[in-house]
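This report refers to the structure that appears directly beneath it.
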Amino acid sequence: MIERATQGATTRDAMTGGGRVAGPVPDRASLRAAALAHLARFGTTRAGLAQVLERSVQRWARRAAEAGAPADDVAARVGPLGRAIAQVVDEMVALGAVDDAAFAGSRARSLTRTGRSRRAVQAHLAARGVEAELVGSVLDETLGARGQEGAEMELGAALVFARRRRAGPFAPPGADDDGAVRRRKVLEAMARAGFGRATAEAALDMDPAEAEDRIIRMKTT
């Protein structure tokens, strides 16, 4: 009886912050506050916000376990929080604080302007939890469909990539940028970054003045 009472006290201390270790048990109100604090600093997706809140719950669970709370008790407290997280995420979407399409469009533009290929942007958005169908429609709207407009944006991104590498039209004066070995290495790097061979070669072979002009047009589109 005394042992059970002691165990109960340990659990309360670990879970309620009596021992100042685990802190209060998360609930919908605290999860909502955490969501608002995160969104005040960062843009994110539905999936991204859910992951942030899930990590917050898991951090509390680890602290509670380290404070001596029984595993079954911790699990019993954590289990129902999945629904609370989903409700908080839905609320943030309803408020307009989370908008996957807006996030994807903004991120696609910024990544392209820093020299990321369409394939790299697509992979980035997928990793952030944006649904594949939405990624496709957002990329077509933001970067242009896979036609002339899309090709122009991709070439602009490839030129930014080449400029960061000081390659092609951006090679320093006197550099042997046309050397077969260096050209092959740059083309390989561009391929790994998701650029097609034709786009990469067009970027490397472009006149410097035209290359700068294309980058300016791409970044102001």
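Quick note on full-length UniProt numbering: the sequence shown kicks off at 1 and runs consecutively. Every residue, glycine too, gets a C-beta built ideally from N, C-alpha and C. Please read all numbers here as calculations on a predicted model, not as lab measurements.
Using 10 angstroms around the beta-carbon of D205, count the other beta-carbons present and answer buried if the total reaches 16, otherwise exposed. exposed
At which residues does the alpha helix (DSSP H) containing P208 begin and terminate? 208-220
Would the stretch 87-105 and the stretch 34-51 be scored as touching if the rule is three or more Cβ pairs under 8 Å? The stretch 87-105 vs the stretch 34-51: in contact.
In terms of residues, what are the limits of the alpha helix (DSSP H) holding A200? 197-204
Length at least 3, wholly inside the stretch 54-132: the beta strand (DSSP E) runs in chain order: none
To the nearest angstrom, report how far apart P169 and V186 are at their CA atoms. 13 Å
What does a CB cutoff of less than 7 Å around L143 pick up in its chain, not counting 5 residues either side in sequence? A108, T112, R118, G150, M153
Could you check how far apart the C-beta atoms of V138 and G105 are, in whole angstroms? I think they sit under 8 Å. 5 Å
Would you say the stretch 192-200 touches the stretch 213-221, given that touching needs at least three Cβ pairs under 8 Å? no
Just to check my reading of the structure: V57 and V78 have Cβ atoms closer than 8 Å, yes? What is that Cβ distance to the nearest angstrom? 6 Å
Around the C-beta of G179, are 16 or more other C-beta atoms found within 10 angstroms, so that it is buried, or is it exposed? exposed
Pull up the distance between the alpha-carbon of T44 and that of P173, whole angstroms please. Cα to Cα, T44 sits roughly 43 Å from P173.
Grouping DSSP H, G and I as helix and E and B as strand, with all else coil, what is R166? coil
Expressed to the nearest angstrom, what Euclidean distance is found between the alpha-carbon atoms of A84 and A157? A84 and A157: Cα-Cα distance of roughly 41 Å.
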